[in-house]
Every structure is written in C-alpha cells, then in structure tokens.
Amino acid sequence: MKAINVYCIGELQQTLDEALPGTFERLGYRQSFRLVDTRLAIGYSIAGVAALSFVLDKKFQFSQVLGYQQLLVTAYAVLSLVLWYFTKYVEKGVTYEGLKSNGEKIVVKTRFEKNEPVYLVKFAKEGTSELETRLAANQVFNEAGYLQTDLLFEWLKAQLETFGSKKQQ
341 MKAINVYCIG ELQQTLDEAL PGTFERLGYR QSFRLVDTRL AIGYSIAGVA ALSFVLDKKF
401 QFSQVLGYQQ LLVTAYAVLS LVLWYFTKYV EKGVTYEGLK SNGEKIVVKT RFEKNEPVYL
461 VKFAKEGTSE LETRLAANQV FNEAGYLQTD LLFEWLKAQL ETFGSKKQQ
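Structure, rendered in structure tokens:
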C-alpha cells in the first residue's frame, strides 16, 4: 500500500473506500455485487441499443429503418432514464454491500463533508435502523500517509458492536 496525501479529501475517501471490502471480509462478510451488476447490465443495454442503431444506420437506407430507429432512440432514452434513477435513488451513495454466512446483510454509505478530514459512515442492516458515525482520518492514517488497516478494522468492529447493541434495545 502506498502513502497518500492526507490533506487531500479525494485520496482519503478513495483509500478508505477501497479498504472496506477487505476489512469487512475480516469481520465475516462477503461482498455483494448486486448493485454493481445491475448498473453494468443497464449500461451494457444502453451500449447495445446504440450499437444496433449504428449498424442499422450503416447497413440500410434511412427510410427503410426509420421506424426501428425511432424505437431504438426511445429505448435508449428509457434505459438512460432508468440508469439515472437507479444511480440516484437505488444506489444512493452505497460504498459497500455485504452478507454474512447467517444471511445478515449490511449496507455501508460513506462520504466526507466539504474540506473536513472526517469520514462519515452510515451503517444499515436489513430490517433495522441505521447508525451514522464519524471517523477522523488521523485515527487510521499515520503521519507518513499510510492507512493502518488494523486500526480501521478495530474501529469498524467497535462500530458494528455498537450498532448491534443499539438494535437489541
């Protein structure tokens, strides 16, 4: 792992987001790619519609395929709208989605507030409330800019234990 500029919010977020799957794996979770797979399927469908439109345009006269082109343009617009809706309202900034062997599902959303080196993390387990917590970047990065994965692991473990105890109350 390379050192990062701890004064750059973008690098902090990217490094922490990339460390989540490995850290959650140590906690017994297996990453789910359901949202990514859905987004890819919609995106590839859009590309397929565009490619088909291109092929029809090159192989046939315009008047021969006008009806098909209108359908393809409509399909392209609808799929683009579906992708926008999916990204904005279904994914909603989800950074990690994982499953435990007992079927417990966790969804993690992360973000940084503008110009503050504080990682805002929201945990949600299926059928329960959410827990939003804050992690100061200097708690898990050393002075040289290296992520201390053991400290991140301990912090996440403590947050999940807190979340579990709040859920039981």
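Here the sequence shown stands for residues 341 to 509, numbered as in the working numbering. The beta carbon of each residue, even a glycine, is placed where N, CA and C say it ideally should be.
For residue i, the first and last residue of its enclosing beta strand (DSSP E)
| i | result |
| --- | --- |
| residue 473 | 470-476 |
| residue 454 | Unbroken run through residue 454: none, as it is neither H nor E. |
| residue 369 | 369-371 |
Cα-Cα separation, residue i to residue j
| i | j | result |
| --- | --- | --- |
| residue 386 | residue 368 | 36 Å |
| residue 348 | residue 453 | 12 Å |
| residue 426 | residue 379 | 8 Å |
| residue 503 | residue 383 | 35 Å |
| residue 406 | residue 423 | 26 Å |
| residue 389 | residue 401 | 18 Å |
| residue 375 | residue 343 | 30 Å |
| residue 397 | residue 412 | 11 Å |
| residue 460 | residue 404 | 56 Å |
| residue 435 | residue 357 | 7 Å |
| residue 352 | residue 409 | 46 Å |
| residue 395 | residue 377 | 26 Å |
| residue 428 | residue 350 | 20 Å |
| residue 391 | residue 470 | 42 Å |
Top-ranked residue by Cα proximity to residue i, from the options
| i | options | result |
| --- | --- | --- |
| residue 533 | 488, 479, 447 | No information on residue 533 is available, as it lies outside the stretch 341 to 509 that the chain covers here. |
| residue 364 | 456, 437, 485 | 437 |
| residue 491 | 408, 353, 345, 359 | 359 |
| residue 372 | 482, 472, 431, 417 | 431 |
| residue 466 | 429, 394, 442, 484 | 442 |
| residue 381 | 356, 419, 351 | 419 |
| residue 439 | 346, 394, 352, 370 | 370 |
| residue 464 | 457, 444, 483, 482 | 444 |
Close-in-space but distant-in-sequence residues of the same chain around residue i (CB under 8 Å, 5 per side omitted)
| i | result |
| --- | --- |
| residue 362 | 489 |
| residue 505 | none |
Close beta carbons around residue i, own chain, < 7 Å, minus the five adjacent residues each side
| i | result |
| --- | --- |
| residue 495 | 475, 479, 480 |
| residue 415 | 389 |
| residue 451 | 433, 460 |
Residue interval of the alpha helix (DSSP H) (run including residue i)
| i | result |
| --- | --- |
| residue 399 | 374-399 |
| residue 416 | 402-425 |
| residue 362 | 349-366 |
Same chain, Cβ closer than 6 Å to residue i, five either side skipped, listed in chain order
| i | result |
| --- | --- |
| residue 485 | 343, 344, 346 |
| residue 472 | 462 |
Cutoff 7 Å: residue i Cβ touching any chain B Cβ
| i | result |
| --- | --- |
| residue 449 | The structure shown contains no chain B; it is built from a single protein chain. |
Next item on the list: Within the stretch 427-452, note down every full beta strand (DSSP E) run reaching 3 residues or more, in order along the chain.
Entry: 434-440, 445-452
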